[in-house]
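Report on one structure; see the data block that follows.
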Amino acid sequence: MSEKIEYSMVPIKMADLASFIAAKKNMAVSDAICYLYNSEFVAKLYDEKSKWWYLDNETLYELMEQERRNNSVDFSAQKVQFVIFCIECYARKHRLSGLEVFVLFKEKGVLAFLRNHFEVLHTQGDAYILEEIESFLKNRKQK
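Each residue of the sequence shown is one higher than the one before, counting from 0 in numbering that gives the first Met the number 0.
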């Protein structure tokens, strides 16, 4: 079975880039790996036509930061508190870590749901909010 070159090159490039990010942002490499994977940027590294795996770390880092700036969504302090409250309530109920719930919420679109329905949801009790989140997740599974 012949594999495409990017499947061999990208993991090496990403490991190198994670070390570069850790040094640049003064963080642990494990945090830099999360930072890297918490981006749509990774998929672009596998683009056969652009061959981004040949770019140097500085250029890749700048492209990733530019993507983050362009895709960033502003959360007010109230919305941040509300989202974290929801994450922690869901984590407690389902005996998960906050990080596990954050990843789930991000992958399934719950963060956007909470942000878009903040005005209605933040005035409700935690049982109602959790019911709405679970209903949202159930509906997402069925699609």
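A virtual CB, placed ideally from N, CA and C, is assigned to each residue, including glycine.
Quick one: what does DSSP say residue i is sitting in, helix, strand or coil?
i	result
GLY124	coil
ALA22	helix
ALA17	helix
ALA31	helix
LYS3	coil
Any idea if residue i is buried or exposed, counting beta-carbon neighbours within 10 angstroms, 16 or more meaning buried?
i	result
ALA31	buried
ALA14	exposed
MET63	buried
ILE11	exposed
LEU16	buried
SER134	exposed
LEU98	exposed
ILE86	buried
ILE83	exposed
VAL119	exposed
TYR127	exposed
Considering only C-alpha positions, which residue in the set the options is nearest to residue i?
i	options	result
PHE117	ILE132, GLU61, LEU98 and SER29	ILE132
SER7	TYR60, LYS24 and LEU44	LEU44
LEU136	LEU120, ALA27, HIS121 and LEU103	LEU103
GLU61	ASP46, GLN80, LYS48 and LEU35	LEU35
LYS92	ARG67, ASP125 and LYS105	ASP125
ARG139	VAL109, TYR89, GLN77 and GLU57	VAL109
ASN37	GLN123, GLU130, LYS105 and GLN80	LYS105
ASN115	SER75, TRP52 and MET26	SER75
ARG68	GLU39, ASN56 and ALA22	GLU39
LYS48	LYS3, VAL28, MET26 and CYS33	LYS3
GLN80	HIS121, VAL28, CYS33 and ASN25	HIS121
ASN56	ALA21, GLU130 and VAL100	ALA21
Where in the region 35-110 do unbroken runs of the alpha helix (DSSP H), each at least 4 residues long, occur, reported from the N-terminal end onward? 40-44, 56-70, 76-93 and 97-107
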